[in-house]
Amino acid sequence: MKKFILIFLILFSSCKERNKTDNITEEKVLRTDFGLAHSDFTIIGFNPEWYWIFQNTEPTATELGLGELSEIEPILKKAIIEHNDGLDKDSRFRLKLDGYKRQYVAILNEKGEKEVWINFFCQDFEFDKWQTEIPLVDDGGSCFFNIKVNLKTKSFKDLRINSIA
Numbered sequence: 000m001k002k003f004i005l006i007f008l009i010l011f012s013s014c015k016e017r018n019k020t021d022n023i024t025e026e027k028v029l030r031t032d033f034g035l036a037h038s039d040f041t042i043i044g045f046n047p048e049w050y051w052i053f054q055n056t057e058p059t060a061t062e063l064g065l066g067e068l069s070e071i072e073p074i075l076k077k078a079i080i081e082h083n084d085g086l087d088k089d090s091r092f093r094l095k096l097d098g099y100k101r102q103y104v105a106i107l108n109e110k111g112e113k114e115v116w117i118n119f120f121c122q123d124f125e126f127d128k129w130q131t132e133i134p135l136v137d138d139g140g141s142c143f144f145n146i147k148v149n150l151k152t153k154s155f156k157d158l159r160i161n162s163i164a
């Protein structure tokens with residue numbers, strides 16, 4: 000009987016440890032797929048006072064999950080490549096995806112499609128409330144840009160870069 004209990008305890012403890020490892024692995028995959036540290040992005044719920052973000056539409060606030068952030072990344076890469084293709088190599092308006100903090104704001108448009116506005120700003124830009132508020136800045140060039148991504152159609156629009164003073 001003692002052998003049976005000992006074997007049962009060993010099996011039980013090894014099964015429990017395996018599940019813990021599986022959860023850690025799954026969490027790492029999500030972070031790796033998306034590619035950003037949690038300190039570099041935030042998801043902010045849509046505020047109707049931000050009417051200027053989604054003009055000419057009647058947005059409905061919605062949630063955005065980590066898996067959807069992974070879906071957005073290839074669309075952003077395509078947008079940046081298309082944008083940079085028409086610019087000189089030394090243009091101040093060339094963009095890249097690394098080196099920025101990001102704010103994600105998700106809505107459902109009139110067709111029920113999820114659209115996400117992504118606001119990028121340089122990592123060294125100091126704004127203490129960046130995880131809850133949208134910074135309003137003038138100028139700044141490629142240090143500040145934003146874009147809208149439609150998750151249903153896998154498309155992007157309204158890539159906007161701040162001007163240079």
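Mapping to numbering that gives the first Met the number 0: the sequence shown position 57 is 56, numbers consecutive.
All C-beta atoms, glycine included, are put in the ideal place defined by N, C-alpha and C.
Burial state of residue i, where buried means 16 or more other Cβ atoms lie within 10 Å
| i | result |
| --- | --- |
| P73 | exposed |
| R101 | buried |
| E109 | exposed |
| Y50 | exposed |
| K147 | buried |
| V136 | exposed |
| K27 | At K27 the pLDDT is 43, less than 50, meaning the model places this residue with poor confidence; the figure from the coordinates comes in the next sentence. Answer is exposed; the Cβ neighbour count stays below 16. |
| L94 | buried |
| L68 | buried |
Residue i versus residue j: straight-line alpha-carbon distance, rounded
| i | j | result |
| --- | --- | --- |
| E81 | D127 | 32 Å |
| N46 | L107 | 13 Å |
| D157 | N149 | 11 Å |
| T59 | K151 | 15 Å |
| D89 | N83 | 11 Å |
| C121 | S141 | 8 Å |
| G66 | P134 | 26 Å |
Coarse secondary structure for residue i, derived from DSSP in three states
| i | result |
| --- | --- |
| E70 | helix |
| L86 | coil |
| L135 | coil |
| K77 | helix |
Residues bridged to residue i [DSSP beta-bridge criterion]
| i | result |
| --- | --- |
| T41 | Q102 |
| C121 | Y99 |
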